[in-house]
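Visitor: Once you've had a glance at the structure underneath, I'll fire off some questions.
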Amino acid sequence: MRQSKLFTKTRREAPADEVAKNAQLLVRAGFIHKEMAGVYDYLPLGLRTLNKIIGIIREEINAIGGEEVFLTTLQDPEIWKKSGRWDDVVVDVWFKTQLKNGSDLGLANTHEEALTALMTEHIASYKDLPRQVYQFQTKFRNETRAKSGIMRTREFIMKDLYSFSKDEKQHAELYEKAAQAYEKIFARVGIGEKTYRTFASGGSFSKYSHEFQTVCDTGEDTIYIDTDKRLAINKEVYDDPEVYATTGIDKAQLTEAKAIEVGNIFTLSTKYSDALGLTYKDAEGIALPVFMGSYGIGPGRVMGTIVELLSDDKGLVWPASVSPFTYHLVSLGHNGDDISKTADELYEDMFKEGIEVLYDDRELSAGQKFADSDLIGISKRIVVGREAVASDIFEVVDRATGSTVKTPRTELLS
RNA sequence: CGGGGCGUAGUAUACCGGUAGUACACUUGCUUUGGGAGCAAGUAGACCGAGUCCGAUUCUCGGCGCCCCGACCA
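With my numbering applied, the first sequence closes on residue 652, and no number is skipped along the way.
Quick look at the structure:
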């Protein structure tokens with residue numbers, strides 16, 4: 239797309255009401271806009287990156303057998319009363335509203351209840367199991383304190399996957415597959431090296447859960463890492479001797495670090511299937527409760543984590559896999575001169591080839607264009623200047639490393 | 001929810017109990033063009049409410065909003 243048509247503008251100054259690096263840079267580069275505390279809009283560039291992240295998650299979840307759905311945000315209190323989670327004392331992050339007739343509705347903060355109730359119509363036999371159902375859907379959580387830019391917000395998209403198994407053994411297989419899918423996802427978005435599968439407390443459903451924690455100084459969580467095994471232990475279970483017995487991790491080998499929770503996986507057991515009557519008939523015709531798990535990733539938080547980890551003093555730095563465009567084509571020409579014509583031509587050709595390119599065709603100084611390009615952080619920049627006009631060879635600069643490769647037109651179009 | 005800080009043009013900031021200043025952005029004109037260009041002119045601002053005062057953007061109180069630390073994060 240032509241940058242002259244992009245409605246967002248970059249800013250030289252960081253917003254006064256943001257301290258977090260992720261929010262400062264994303265606002266400055268025009269990726270997001272804050273509506274209020276903990277509530278952010280995604281603008282064209284931000285939405286592109288968010289959708290790249292979502293696309294990667296979708297591919298990996300589909301690869302392990304996930305079936306995508308889209309459930310509603312408005313929730314019937316009845317199903318929540320059955321699981322005991324309607325009460326504000328039990329779940330303190332509720333946003334609730336009412337119909338015109340005065341009856342209560344909830345705005346979904348998670349979807350165990352809704353999906354479990356739904357699946358009672360589709361799971362009847364052991365032949366219907368296992369199932370893995372997921373969605374990308376808006377969650378509302380009335381956090382007492384939103385903070386850290388887009389890392390902890392009151393409204394956010396979450397990928398939530400739910401697994402339905404006939405027993406614990408079948409569940410364990412799905413659980414491990416989901417964990418491996420998560421590792422691939424975090425590797426593909428560029429934070430794999432710093433992300434550790436982490437033992438954490440399991441809440442009220444199981445002894446333990448796993449979190450995926452990305453080491454970062456600005457993280458909220460404290461974890462203890464075994465670098466050899468590439469595993470970690472959350473501080474909340476650090477003093478539990480059973481963890482070491484189960485995992486074989488040597489407590490003395492661990493190193494402490496701050497980390498961001500970019501994903502989590504839970505064994506739910508039969509809590510929700512019991513509450514909502516989700517059973518199946520085994521081979522003998524006996525009704526048994528379905529064994530469940532849930533698996534979450536917040537694509538927005540992943541995006542924020544990438545910013546926290548990879549950006550530099552000039553701005554955002556996107557890995558190619560999640561860059562809003564493949565190329566940032568920066569023309570140094572003016573008013574229809576030869577440089578502009580060469581850049582125009584290259585843009586049109588790339589566009590026809592379906593290559594994702596943001597074309598800076600604006601009438602601005604070179605310095606300003608480079609500064610904007612650095613700030614936006616598209617992974618590769620093509621610079622069109624005098625030299626390109628004569629030679630048809632273009633400078634391609636890697637945003638992360640700053641290294642330049644002279645690339646002929648034909649190669650750019652392949 | 002406890003503690004602390006802060007609300008001034010689109011953005012970032014300054015000063016002041018008596019006509020609110022600067023920079024960036026924006027508009028117009030001329031010059032400039034490989035790392036945030038120059039000159040000139042122009043548009044644009046005190047969160048809301050009450051109180052004190054001759055006079056409040058400034059002081060006091062209340063509300064609303066934003067940030068940070070802590071608690072919380074099923």
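Quick reminder that beta carbons are idealized off the backbone N, C-alpha and C, glycines included. For clarity, every value in this text was computed on a predicted model and none was experimentally measured.
1. Where Tyr-446 and Ile-487 are concerned, what is the direct C-alpha to C-alpha distance, given to the nearest angstrom?
2. Would you kindly work out how many angstroms separate the C-alpha atoms of Gly-501 and Tyr-420, rounded to a whole number?
3. Can you check whether the CB of Ser-532 is closer than 9 angstroms to the CB of Thr-348?
4. For His-448, does the three-state DSSP call read helix, strand or coil?
5. Report the option in Val-635, Ala-626, Gly-534, Ala-638 whose CA atom is closest to the CA atom of Thr-648.
6. Can you grab the Cα-Cα spacing for the pair Glu-320 / Val-327, in whole Å?
7. What is the rounded straight-line gap between the Cα of Leu-337 and the Cα of Gln-375?
8. Suppose contacts are defined by Cβ-Cβ distances below 9 angstroms. Is Tyr-372 in contact with Gly-293 by that definition?
9. Specify whether the region 509-517 and the region 460-476 touch according to this definition: at least 3 beta carbon pairs, one from each stretch, less than 8 angstroms apart.
10. Compute the distance between the beta-carbons of Ile-498 and Glu-546, then report whether it is under 9 angstroms.
11. Per DSSP, which one or two residues make a beta bridge with Pro-557?
12. For Gly-515, which residues from the same chain have a beta carbon less than 8 angstroms from its beta carbon, with the 5 sequence-adjacent residues on both sides left out?
13. Quick check: the region 382-397 against the region 248-263, are at least 3 beta-carbon pairs closer than 8 angstroms?
14. From which residue to which residue does the alpha helix (DSSP H) around Ile-299 run?
15. Pick out whichever of Glu-480, Asp-575, Asp-455, Thr-485 has its Cα sitting closest to the Cα of Arg-468.
16. Inspect the CB distances between the region 287-301 and the region 549-563 and report whether three or more fall short of 8 angstroms.
17. Can you say whether Thr-391 is buried or exposed, counting buried as having 16 or more other CB atoms within 10 angstroms of its CB?
18. Who are Gly-527's beta bridge partners in DSSP?
19. Locate the beta strand (DSSP E) running through Ala-416, then write down its first and last residues.
20. Between Lys-618, Thr-436, Ala-609, which lies nearest to Asn-653 when the distance is taken from Cα to Cα?
21. Which one of Glu-633, Ile-423, Lys-397, Leu-650 has the shortest CA to CA distance from Asp-587?
22. Count the other C-beta atoms from every protein chain shown that fall within 10 angstroms of the C-beta of Met-396, then say buried if there are 16 or more, exposed otherwise.
23. How many angstroms separate the CA atom of Glu-273 from the CA atom of Asp-255?
24. By Cβ distance below 6 angstroms, which residues in the same chain neighbour Val-635 in space, the five residues on each side in sequence not counted?
25. Which two residues bound the contiguous beta strand (DSSP E) that contains Ile-503?
26. I need the DSSP call for Ile-614, collapsed to helix, strand or coil.
27. Check this for me: beta carbons of Tyr-400 and Thr-465, under 9 angstroms apart or not?
28. Cα-Cα, which of His-271, Ala-275, Leu-264, Pro-282 is closest to Arg-240?
29. By alpha-carbon positions, which one of Pro-646, Ser-439, Glu-449, Lys-496 ends up nearest to Asp-455?
30. Evaluate Phe-308 with the Cβ neighbour count: other Cβ atoms within 10 Å of its Cβ, from every protein chain shown; 16 or more gives buried, anything less gives exposed.
31. Please classify Ser-652: is it buried, with 16 or more other beta-carbons within 10 angstroms of its beta-carbon, or exposed?
32. Write down every uninterrupted run of the beta strand (DSSP E) in the region 618-644 whose length is 3 residues or greater and which is fully enclosed by it, in chain order.
33. Tell me the rounded alpha-carbon separation between Asp-551 and Ile-429.
34. Check each candidate in Val-622, Leu-554, Tyr-434 and name the one with the smallest Cα separation from Asp-610.
35. Is it true that the CB of Ile-503 sits closer than 9 angstroms to the CB of Tyr-413?
36. Are the beta-carbon atoms of Gly-605 and Phe-394 separated by less than 9 angstroms?
Guide: In this structure, then:
1. 15 angstroms
2. 8 angstroms
3. yes
4. strand
5. Ala-626
6. It is worth fixing the name first, because residue 320 is Lys in this sequence and not Glu. If you take the alpha carbons of Lys-320 and Val-327, they lie about 15 angstroms apart.
7. 22 angstroms
8. no
9. no
10. yes
11. According to DSSP, Pro-557 bridges with nothing at all.
12. Thr-358
13. yes
14. 282-301
15. Thr-485
16. yes
17. buried
18. First, the residue type needs correcting, since residue 527 is Pro and not Gly in the sequence shown. Pro-527 is bridged to Thr-517.
19. Unbroken run through Ala-416 is the alpha helix (DSSP H), 406-426; no beta strand (DSSP E).
20. Residue 653 is absent from the model: the chain starts at 239 and stops at 652.
21. Leu-650
22. buried
23. 12 angstroms
24. Arg-619, Thr-642
25. 493-507
26. helix
27. no
28. Pro-282
29. Lys-496
30. exposed
31. exposed
32. 618-622, 631-636
33. 19 angstroms
34. Leu-554
35. yes
36. no
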